[in-house]
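For my numbering, count along the sequence shown from 1 and bump the result up by 40. Beta carbons are placed, not taken as given, at the ideal position from N, Cα and C, and that holds for glycine. On a predicted model such as this, the values are computed, not experimentally measured, just so you know. These notes concern the structure reproduced below.
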Amino acid sequence: MDGFTKLGPAIWLREPSPSPPPSASPAPSLIILCTWVGAQPRHITKYTTSYLHRYPTTTLLVLESGLADMTYRTDTTQQTRLLPARHVLQAHLQPPPTTGGGIVLHAFSNGGAQSATQLLAATPPRLHALILDSTPSSVHYTRSLAAILVPLAKSPLLKLLALPFIHLLLCVIFLCDRVLGFENVVARARRRLNSSAFVGLEVPRLYLYSDADEMVGAEDVETHAEEARRAGYGGVEMLRFEGSGHCAHALRYGERYWEGVAGVLERSNAVARG
Numbered sequence: 041m042d043g044f045t046k047l048g049p050a051i052w053l054r055e056p057s058p059s060p061p062p063s064a065s066p067a068p069s070l071i072i073l074c075t076w077v078g079a080q081p082r083h084i085t086k087y088t089t090s091y092l093h094r095y096p097t098t099t100l101l102v103l104e105s106g107l108a109d110m111t112y113r114t115d116t117t118q119q120t121r122l123l124p125a126r127h128v129l130q131a132h133l134q135p136p137p138t139t140g141g142g143i144v145l146h147a148f149s150n151g152g153a154q155s156a157t158q159l160l161a162a163t164p165p166r167l168h169a170l171i172l173d174s175t176p177s178s179v180h181y182t183r184s185l186a187a188i189l190v191p192l193a194k195s196p197l198l199k200l201l202a203l204p205f206i207h208l209l210l211c212v213i214f215l216c217d218r219v220l221g222f223e224n225v226v227a228r229a230r231r232r233l234n235s236s237a238f239v240g241l242e243v244p245r246l247y248l249y250s251d252a253d254e255m256v257g258a259e260d261v262e263t264h265a266e267e268a269r270r271a272g273y274g275g276v277e278m279l280r281f282e283g284s285g286h287c288a289h290a291l292r293y294g295e296r297y298w299e300g301v302a303g304v305l306e307r308s309n310a311v312a313r314g
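Structure follows, in C-alpha cells:
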C-alpha cells in the first residue's frame, strides 16, 4: 500500500510526516484498522486517506484478515504473527492522555473483529475508542458461507470448485460448536468485545451497521450493543444506515459515517479529560 511500510504478513504501518499540518481537533496517537476478509488495497485506502485528512499527525496501523485466521489458525499462531503490530502498540502505550492522543481501534466485519480481539488478547492496550463497522454477528450458517465466498467473487470457477470444501468446513465448525461445545471464532470475537478483560468499560464505542447487510444482520449488532450496555459499558453509540451493503456504509453515506467517527473520538477526549 502506498505510503505504508510492511512490518510483516498483512501488517502495514504509516508514520506521520516529520512536519505534518496540525489537526483540526485533538488527534489520536495511533489508529488501528482491522480490515475485513477480502479487502483490497483500494478499499483500505479510502479509509486511511480519510483518517490522514482528518488526523495528519496520527500513526496508522493496518491489519488485514484472511480465511486462515477465521478457520484453522490457533490463537497462539495468530498472536505470534501479530508480534510486529504488538510492538507498535507498546510504543504508543503512554500514560492516559488528557486531550487527544490515545489508541483508536476500528474493526470491519467479523474478520476485522477477530484480528482486533487477537491483538487485544496478546497486548491489551488502553483504548481511547472502539469503532465496529458491520460487526459483530451471531453465528449463522448462510451468512458465514456468504462471508467466506467474498474473496472468491471474481473467480466463478474457483468458487464452484471450492464450494463443497467450504460447506464441509462449515459443517465441521458448526458441529464442534453446537455438539461438542467448542467456541468458534465468530462467537469468541463477539464475546471478547464485551469483556472488560479486553476492552475497558470506560471506552466509548460506535457501531456502524445497516438494515441491508446480508452478512451481518442489524439485529445481531443491536443485540451486541444492548449486551454491552448490560455489561456496564456506558459510551455505546449506534449509527444505523439504510440500504448500504456490508462494509460499504462510508461509500454511500460518507459524510454521516465520518461525522459519527469524529463524534466518538470527541467523546473519548471528554472521557480522557474526566
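| Item | Value |
| --- | --- |
| Per-residue burial, Cys287 [other beta carbons within 10 Å of its own, 16 or more giving buried] | buried |
| Delimiting residues of the beta strand (DSSP E) encompassing Met278 | Val276 to Phe281 |
| Alpha carbon of Pro204 to alpha carbon of Gly106, nearest angstrom | 19 Å |
| One or two residues paired with Cys74 in a DSSP bridge | Leu103 and Ala147 |
| Start and end residues, alpha helix (DSSP H) containing Leu246 | Segment Arg245 to Ser250 is the beta strand (DSSP E) holding Leu246; no alpha helix (DSSP H) there. |
| Proximity below 7 Å, CB of Leu70 to CB of Thr99 | yes |
| Buried or exposed by the 16-neighbour rule on C-beta atoms within 10 Å, applied to Tyr247 | buried |
| Coarse secondary structure for Asp173, derived from DSSP in three states | strand |
| Beta-carbon proximity check, Leu243 vs Leu167, cutoff 7 Å | First, the residue type needs correcting, since residue 243 is Val and not Leu in the sequence shown. Yes; because the gap between Cβ atoms is below 7 Å, this pair is in contact. |
| Endpoints, alpha helix (DSSP H) assigned at Arg54 | First-last for Arg54: Ile51 to Arg54, but that is the beta strand (DSSP E), not the alpha helix (DSSP H). |
| Endpoints, the beta strand (DSSP E) within which Thr114 is located | Neither: Thr114 is in no beta strand (DSSP E) and is coded neither H nor E. |
| Host alpha helix (DSSP H) of Leu241 (start-end) | Neither: Leu241 is in no alpha helix (DSSP H) and is coded neither H nor E. |
| Secondary structure of His168, DSSP reduced to three states | strand |
| Assumed close pair Val226, Ser149 - CB separation to whole angstroms, cut-off 8 Å | Actually they do not touch by this definition, with Cβ atoms about 10 Å apart. |
| DSSP beta-bridge partners of Thr97 | Looking at the DSSP assignment, Thr97 forms no beta bridge with any residue, so it has no partner. |
| Same chain, Cβ closer than 6 Å to Met41, neighbours up to 5 away in sequence not counted | Trp52 and Pro81 |
| The beta strand (DSSP E) enclosing Leu47, as first and last residue numbers | Thr45 to Gly48 |
| Sub-7 Å separation of Ala229 and Gln154 beta-carbons | yes |
| As assigned by DSSP and simplified to three states, the class of Val315 | The chain is shown from 41 up to 314; residue 315 falls before or after that span and cannot be answered. |
| Under the three-state DSSP convention, the category Gly141 falls into | coil |
| Of the listed residues Pro58, Met110 and Ala162, nearest to Leu129 (C-alpha basis) | Ala162 |
| Proximity below 7 Å, CB of Ile171 to CB of His146 | yes |
| Inter-residue spacing [alpha-carbon to alpha-carbon] between Thr124 and Leu47 | According to the sequence displayed, residue 124 carries Pro and not Thr. The alpha-carbon atoms of Pro124 and Leu47 are separated by roughly 6 Å. |
| Alpha helix (DSSP H) segment containing Pro124, residue limits | Leu123 to Ala131 |
| Proximity below 7 Å, CB of Asn234 to CB of Ala271 | yes |
| The alpha helix (DSSP H) enclosing His289, as first and last residue numbers | His289 to Arg292 |
| Whole-angstrom distance between Leu200 and His207, CA atom to CA atom | 11 Å |
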